[in-house]
Amino acid sequence: MADKVSIEGIAYIVGRIVERAREAVEESKDNREDVFKDGRALAYYEVLDILRTELSVREISLEEIGLDFDLEKELL
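In numbering that gives the first Met the number 0, the protein residues as written are 0 to 75.
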């Protein structure tokens with residue numbers, strides 16, 4: 000097992016989370032009365048927000064990772 004994950008590995012993982020987050024937002028928009036789907040979309044947003052903050056603190060390029068977009072605008 001690897002001791003460290005490469006930037007490419009982090010970018011891949013983040014890409015998968017972003018993809019699922021976008022799907023969750025679309026599902027939430029399709030059925031606004033389903034509070035579970037709203038909560039699921041919000042949870043993905045919060046996970047990505049934490050990742051963005053932690054990567055920024057570590058001075059890892061958000062562009063390189065794929066988090067250089069407006070989370071609030073796209074996911075809320």
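All C-beta atoms in this analysis are idealised placements derived from N, C-alpha and C, irrespective of residue type, glycine included.
With distances taken between CA atoms, residue 13 lies nearest to 67 out of 34, 3, 67 and 25.
Cβ-Cβ distances below 7 Å link residue 30 to 36 in the same chain, with the five nearest sequence neighbours on each side left out; the list follows chain order. Secondary structure of residue 75 (DSSP, three-state): coil. The beta carbon of residue 70 sits closer than 8 Å to the beta carbons of 44, 47, 48 and 51 from its chain, once the five residues preceding and following it are set aside; these are given in chain order. The criterion of a C-beta distance shorter than 7 Å is not satisfied by residue 10 and residue 24.
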